[in-house]
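Numbering (my numbering), first residue to last: 44 to 801.
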Amino acid sequence: MSSPLYIPGGGPPGTVLDEESVLAGLNDAQREAVTAPPGPLLVVAGAGTGKTRVLTRRVAWRILRGVSPRSVLAITFTNKAADVLKERLAGLPGGAGVTAGTFHGFCANLLRRFADRIGGTRDFTILDQEDQSRLLRDLCDDLGVDTTAHRPDAFASVISYRKNGGAGRTPAALRDARFVVALGRVETAYAERLRASGLYDFDDLLLEALRVLRESPEAAAACRERWRVVLVDEYQDTNGTQMELLRALVGDAPDLTVVGDPDQSIYRWRGASIRNILRFPDDFPGTRVVKLEENYRSTRRILAAAEAVIARNAQRFDKRLRTANDDGPRVRELRSRDPVEEAGAVVAQLSAWRAEGMPWAEMAVFVRVNHAARATEVALRQAGVPYVVVSGVEFFQRREVKDVLAWARLVVNPRDEAAFSRAVNAPRRGVGDTSVARVRAAATARGVSVPEAAFGAVPGLPPKARKALDAFGATLNALRAMPRAPVGPLLQAVVVESGYRRELLASEDELARARVENVDELVAAAHEADRARPGTTLEEFLERTALVADQDGFQQGDDRVSLMTTHAAKGLEFDGVVVVGAEEGWWPHARSADRDDDVEEERRLFYVAMTRARRRLVLTHAAQRDSWGGLERRQPSRFLLDVPDDLVEVVDRSGLYGRVRARNEAAARARSASDPVGDEDLEAGGDDAGGAGEAVYRREGSSPGAGDRVVHPYFGRGLIVSTSGSGASLRLVVAFDEAGTRTLLHSMSNLVREGGPA
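Laid out in structure tokens, this is it:
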């Protein structure tokens with residue numbers, strides 16, 4: 044449920060509530076979940092069935108039965124979800140005393156208290172993905188690893204994959220022998236730099252917290268004594284480490300409630316394991332299972348359409364959602380000739396809803412991949428429709444914001460190499476790349492962190508750089524002498540004393556001066572944190588910004604259409620939803636179309652998209668899209684064709700489409716899929732820019748040739764080494780910068796020339 048928790052007769056926060064009022068308004072299954080006795084409890088909560096209400100009411104029930112609020116721990120997956128939970132708990136008796144936060148936030152707090160028990164440091168900072176790539180790039184330079192052949196992002200992906208025990212999709216880079224050789228050196232050096240710098244990456248937060256619970260009996264006992272009742276939301280999105288962390292936290296007598304839905308498990312690519320929720324009763328013997336199957340969100344037709352899609356999955360619990368809502372209009376299936384026509388149709392649909400009285404804020408457009416939103420965004424802008432691209436990470440990834448946060452991180456952790464590398468020349472102070480490289484070499488030689496080396500003797504360092512580093516260190520020392528709370532004044536001092544804001548204002552570059560607004564917004568966010576959560580420390584503020592997620596950028600109430608990927612839409616709901624590009628190649632994604640487990644996850648993602656809609660649902664697909672310099676035919680998604688005809692209203696702008704014909708063609712493609720083309724090592728290709736559908740072959744002379752630089756949506760950039768065959772049989776041998784050498788069938792490869800059309 045999206046509205047704040049209200050318990051009839053409950054009165055204002057702090058009012059003593061009785062059991063009758065806590066259970067008011069719950070259906071039988073919700074009541075069973077709320078009142079279940081202590082012990083392991085699995086609540087299988089279908090889409091729109093009120094899982095957050097059940098979580099908060101269960102907390103209230105346990106408190107009324109004598110559990111201390113301070114002994115309750117509630118874990119979510121995003122800051123936004125944690126804030127919603129805290130807001131609702133605040134209306135319960137004693138609810139404000141409950142600990143509520145994300146997995147990573149909880150682990151960070153645990154490490155602040157107990158990291159020294161396993162030889163770690165409590166004064167750490169968190170390495171986000173961009174700074175992780177920056178650190179890996181510096182390491183590659185120091186080790187002589189060619190970053191044009193092996194990108195830092197590839198090392199980051201593989202290191203994360205290995206830290207998580209090989210969970211999720213195997214990174215393509217591991218198939219390149221040269222990469223694997225370089226990986227051993229980079230991975231070792233990376234671990235050493237993190238230790239020396241007092242840094243934890245996202246995976247380390249979980250892994251090191253698990254180490255604390257496993258290797259320190261005193262810490263484990265203290266945590267179990269403090270948090271006797273544990274509740275976890277979105278359990279289907281947990282990975283193996285998070286499951287083991289919970290097992291270590293609750294011990295042999297778990298009072299553990301998990302809520303989730305295997306049908307909404309969509310983060311396997313991040314290491315999430317659907318196995319965790321499906322086998323929860325095996326992992327925690329004596330588990331009570333309660334299924335929530337009454338949907339309060341969607342109309343009957345939308346719900347029936349979504350159920351028809353997800354029913355084809357094998358990896359799920361046996362459940363069937365139902366609703367007392369009205370039938371509602373049919374799901375609209377919108378067929379267009381091309382993306383431009385499709386985008387125009389989407390805008391027309393949104394405008395029609397607006398004319399009917401639906402607010403812009405209650406409309407959303409979902410895409411499978413980010414770039415698929417391009418045509419729609421252009422059309423929205425041209426039509427003057429207010430919209431927002433939802434991405435919580437974007438603000439905190441802006442250069443000027445990260446520069447200021449780097450200074451703040453160095454105040455907290457003087458050994459933070461990643462923050463030093465960014466802050467040392469923000470503002471510019473004459474410490475060039477060569478000088479920084481000498482500092483890194485001195486750090487390696489002395490066995491200390493890079494910032495520690497910078498403020499000591501560095502062989503070969505020019506006098507100008509030495510003077511600049513000394514001034515830099517003096518400023519940091521002055522900032523470290525200030526109180527860590529409140530955060531607003533400290534962050535304001537950072538931007539002033541560092542000279543960073545002054546440099547931006549003095550720039551002749553209009554863009555640089557405009558960045559001042561983002562710096563000021565960051566300071567304003569710190570002041571807001573002080574007001575919202577009095578006593579917030581700089582460490583806590585930095586943790587929150589480092590662990591921000593896509594959904595954290597969504598602001599309910601802004602009267603704008605929300606444009607986002609379906610992954611970012613998880614947990615949200617709107618009156619009207621448009622799902623763009625329901626085609627083979629996107630749904631399922633081309634690189635996931637040949638593996639049953641991957642296809643099931645893609646079907647779950649489509650189901651999540653459909654079940655965000657309350658009243659209206661539109662699914663679009665185009666007959667053709669641009670690829671290499673020509674056009675590619677697109678086929679409607681197999682998931683779209685799973686929706687029964689009587690639930691669908693087809694609007695066909697192409698004049699060439701029929702659902703029966705489309706089903707027959709899909710069945711023919713499925714039969715032919717068992718007859719592979721070409722050599723065993725031929726890559727079928729994937730796509731973020733095209734699909735796995737029938738190709739429209741290019742005009743003579745437009746085909747790629749040896750020496751062309753190309754981009755593949757999955758394998759990245761590469762160079763065509765040779766070609767063979769022609770027409771539909773044209774094969775390309777491509778040496779990819781990251782993924783090694785591949786042989787591709789051109790008609791299915793979805794390659795584009797570097798710098799060419801997407």
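Note that the Cβ used here is the ideal one computed from N, Cα and C, for glycine as well. In this text, all values refer to a predicted model and were calculated from it rather than measured experimentally.
query: Three-state secondary structure (DSSP) at S765?
result: Reduced to three states, the DSSP call for S765 is strand.
task: Express the C-alpha separation of R655 and A612 in angstroms, rounding to a whole number.
output: Answer to the nearest angstrom: the Cα atoms are 8 Å apart.
task: Within 10 angstroms of the Cβ of S765, are there 16 or more other Cβ atoms? Answer buried if so, exposed if not.
output: Here S765 is exposed: its Cβ has fewer than 16 other Cβ atoms, across all protein chains shown, within 10 Å.
query: Is Q440 closer than 7 Å to E173 when the C-beta atoms are compared?
result: Closer than 7 Å, so yes.
field: CB of L522 within 7 Å of CB of L581, strictly
entry: Contact annotation: L522 and L581 have beta-carbon atoms that are not nearer than 7 Å.
- request: Report back the beta-carbon spacing between G89 and S341 to the nearest angstrom; my notes put them in contact at under 8 Å.
  value: Their Cβ separation, rounded to whole angstroms, is 11 Å, which puts G89 and S341 out of contact at 8 Å.
- request: Just the C-alpha distance for F758 and A709, rounded to the nearest angstrom, thanks.
  value: So the two alpha carbons sit approximately 27 Å from each other.
task: Determine the contact status of P429 and R603, defining contact as a CB-CB distance below 7 Å.
output: Yes, the pair counts as a contact, with Cβ atoms nearer than the cut-off.
message: On a Cα-Cα basis, can you pick out the residue from G768, L775 and S769 that is closest to A749?
response: Minimum Cα-Cα distance from A749 among the listed residues G768, L775 and S769 corresponds to L775.
The region 682-695 touching the region 375-384, judged by at least three CB pairs closer than 8 Å: As far as the Cβ criterion goes, the region 682-695 touches the region 375-384, which means the pair count is three or higher.
Contact set for S45: own chain, Cβ-Cβ below 7 Å, skip 5 residues either direction: Confidence at S45 is low in this model, with a pLDDT of 32, below 50, so its placement is unreliable and the value that follows should be read with caution. Hits under 7 Å: E616.
- prompt: S811 to M401, Cα distance in whole Å?
  reply: The requested residue 811 is not part of the displayed model; the chain covers only 44 to 801.
message: DSSP has V621 in a bridge; who is on the other side?
response: BP columns for V621 point to V408 and V661.
Local conformation of W629 per DSSP, three classes: Shown here, W629 sits in a strand according to DSSP, grouped into three states.
query: For R344 versus G387, is the C-beta spacing smaller than 7 Å?
result: Not in contact: R344 and G387 (Cβ atoms no closer than 7 Å).
Where D446 falls, given that 16 or more other Cβ within 10 Å makes a residue buried: D446 should be labelled buried.
query: Quick one, are the C-beta atoms of V777 and R785 less than 7 Å apart?
result: Yes. Within cutoff.
- prompt: What does DSSP give as the partner residues of H755 in its beta bridges?
  reply: Looking at the DSSP assignment, H755 forms a beta bridge with G759.
task: Would you grab the beta carbon distance between L519 and L423 for me? Rounded to a whole angstrom, and I think it's under 8 Å.
output: That belief does not hold up - the Cβ atoms of L519 and L423 are roughly 45 Å apart, past 8 Å.
query: Could you give the distance in angstroms between the alpha-carbon of V65 and the alpha-carbon of V651?
result: In this structure, the alpha-carbon of V65 lies about 30 Å from that of V651.
query: For Y339 versus G93, is the C-beta spacing smaller than 7 Å?
result: In this structure, G93 lies closer than 7 Å to Y339 by Cβ.
- prompt: Can you round the beta-carbon distance between V530 and F463 to whole angstroms, since I take them to be within the 8 Å contact cut?
  reply: V530 to F463, Cβ: 21 Å. No contact.
- prompt: Between the region 278-292 and the region 309-321, do three or more beta carbon pairs fall short of 8 Å?
  reply: Yes: at least three Cβ pairs fall under 8 Å.
query: Going by beta carbon distance, what residues of the same chain come within less than 7 Å of S492, once the five residues before and after it are set aside?
result: Excluding sequence neighbours, S492 sits near A239, S240, R458, E460 and A486.
query: On the three-pair Cβ rule with 8 Å, is the region 100-112 touching the region 240-253?
result: By the Cβ rule, the region 100-112 does not count as touching the region 240-253, because fewer than three pairs are nearer than 8 Å.
task: Using the Cα positions of D724 and L788, report the straight-line distance between them to the nearest angstrom.
output: With a pLDDT of only 39 at D724, under the threshold of 50, the placement of this residue in the model should not be trusted, and no figure is reported.
query: Thinking just about the alpha-carbon of each residue, which of R194, A349, F157 and A220 is nearest to the one in R257?
result: By alpha-carbon distance to R257, the top candidate from R194, A349, F157 and A220 is F157.
message: If I follow the unbroken alpha helix (DSSP H) through S203, where does it start and stop?
response: From DSSP, the alpha helix (DSSP H) with S203 extends over P195 to K206.
Distance between beta carbons of L606 and A404, contact taken as under 8 Å: At roughly 13 Å, the Cβ-Cβ gap does not stay under 8 Å, so A404 and L606 are not in contact.
query: Can you tell me the Cα-Cα spacing of T121 and R702, whole angstroms?
result: Distance between T121 and R702, taken at the CA atoms: about 39 Å.
task: Check whether the region 314-332 touches the region 78-88, counting contact only when three or more Cβ pairs, one atom from each stretch, lie closer than 8 Å.
output: With a cut-off of 8 Å, the region 78-88 and the region 314-332 count as touching, because enough Cβ pairs lie within range.
message: Rounding to the nearest angstrom, what Cα-Cα distance links V431 and V127 in this structure?
response: V431 and V127 have their alpha carbons spaced roughly 21 Å apart.
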